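Chemist: If you use UniProt numbering, the sequence shown corresponds to residues 1 to 114, in order.
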Amino acid sequence: MRIQRTLNALKHPVTEYMVTKSKRLYRNTHPICELCGLRHTFFGKKLDVHHRRPVHVDKSKACDQKNFVTLCRPHHFTVGHLGNFKDYNKAVMSTIKALKKVFNNVAKSGKGWK
């Protein structure tokens with residue numbers, strides 16, 4: 001993944017710079033995982049900014065703030081990419097909404113996971 005990002009930066013330096021800058025700005029204004037509420041901290045708790053529509057599908061939305069969602073690393077992989085970084089979740093926002101509803105119901109019941 002990192003090698004591919006470096007190659008893309010060499011091919012399209014301005015575009016890659018703008019995407020990185022846009023993601024950093026979004027993460028600074030949305031510093032919480034949309035699903036679990038984990039906060040971004042300087043010491044270790046990392047959040048990823050996920051493209052709702054990937055750049056390879058729609059390049060015009062590469063820097064669009066409305067195309068971003070903040071997810072913690074585990075949720076970025078499992079919810080944003082369905083457990084495979086070569087894939088993406090077309091319905092990521094509805095998946096997040098449904099999972100948040102499940103999490104809230106479990107938390108309200110007080111029973112926890114069994």
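Think of the CB as a built atom: it goes at the ideal place given N, C-alpha and C, for glycine as much as any other residue.
Note that this is a predicted model, so its numbers are computed, not measured.
Quick check: the Cα distance between lysine 21 and threonine 15, rounded to an integer number of angstroms?
Modeler: By 1-based counting over the sequence shown, the position of residue 21 is 21. By 1-based counting over the sequence shown, the position of residue 15 is 15. If I take the Cα positions, the gap works out to 10 Å.
Chemist: Would you kindly work out how many angstroms separate the C-alpha atoms of asparagine 28 and serine 109, rounded to a whole number?
Modeler: Start at 1 with the first residue of the sequence shown, and residue 28 comes out as number 28. Start at 1 with the first residue of the sequence shown, and residue 109 comes out as number 109. Between asparagine 28 and serine 109, the C-alpha separation is close to 33 Å.
Chemist: Where do the N-terminal and C-terminal ends of the alpha helix (DSSP H) with aspartate 103 fall, by residue?
Modeler: Here the question's residue 103 lines up with position 103 in the sequence shown. Correcting the residue type first, residue 103 is phenylalanine in the shown sequence and not aspartate. From DSSP, the alpha helix (DSSP H) with phenylalanine 103 extends over 92-109.
Chemist: Can you have a look at arginine 24 and say buried or exposed, based on whether 16 or more other CB atoms are within 10 angstroms of its CB?
Modeler: As a first step, residue 24 must be located in the sequence shown, where it is residue number 24. Result: exposed.
Chemist: Quick check: what's the CA-CA separation for aspartate 48 versus alanine 98?
Modeler: The sequence position of residue 48 within the sequence shown is 48, counting from 1. The sequence position of residue 98 within the sequence shown is 98, counting from 1. Distance between the alpha carbons of aspartate 48 and alanine 98: 20 Å.
Chemist: Measure how close the beta-carbons of lysine 45 and leucine 35 come, nearest whole angstrom, since I'm counting them as under 8 Å.
Modeler: Position 45 of the sequence shown, counted from the start, is the residue given in the question as residue 45. Position 35 of the sequence shown, counted from the start, is the residue given in the question as residue 35. Actually they do not touch by this definition, with Cβ atoms about 14 Å apart.
Chemist: Among His76, Thr78, Arg73 and His50, which residue has its Cα nearest to the Cα of lysine 66?
Modeler: Numbered from its first residue, the sequence shown carries residue 66 at position 66. Per the Cα distances, His50.
Chemist: Mapping the DSSP letters down to three states, classify threonine 41 as helix, strand or coil.
Modeler: Against the sequence shown, residue 41 aligns to sequence position 41. Here threonine 41 sits in coil by DSSP.
Chemist: Considering just the uninterrupted stretch of the beta strand (DSSP E) at cysteine 33, what are its terminal residues?
Modeler: As a working note, residue 33 is residue 33 in the sequence shown. Taken as a continuous stretch (DSSP letters only), cysteine 33 belongs to no beta strand (DSSP E), as it is neither H nor E.
Chemist: Specify the secondary structure class of valine 79 as computed by DSSP and reduced to three states.
Modeler: As a first step, residue 79 must be located in the sequence shown, where it is residue number 79. Shown here, valine 79 sits in a helix according to DSSP, grouped into three states.
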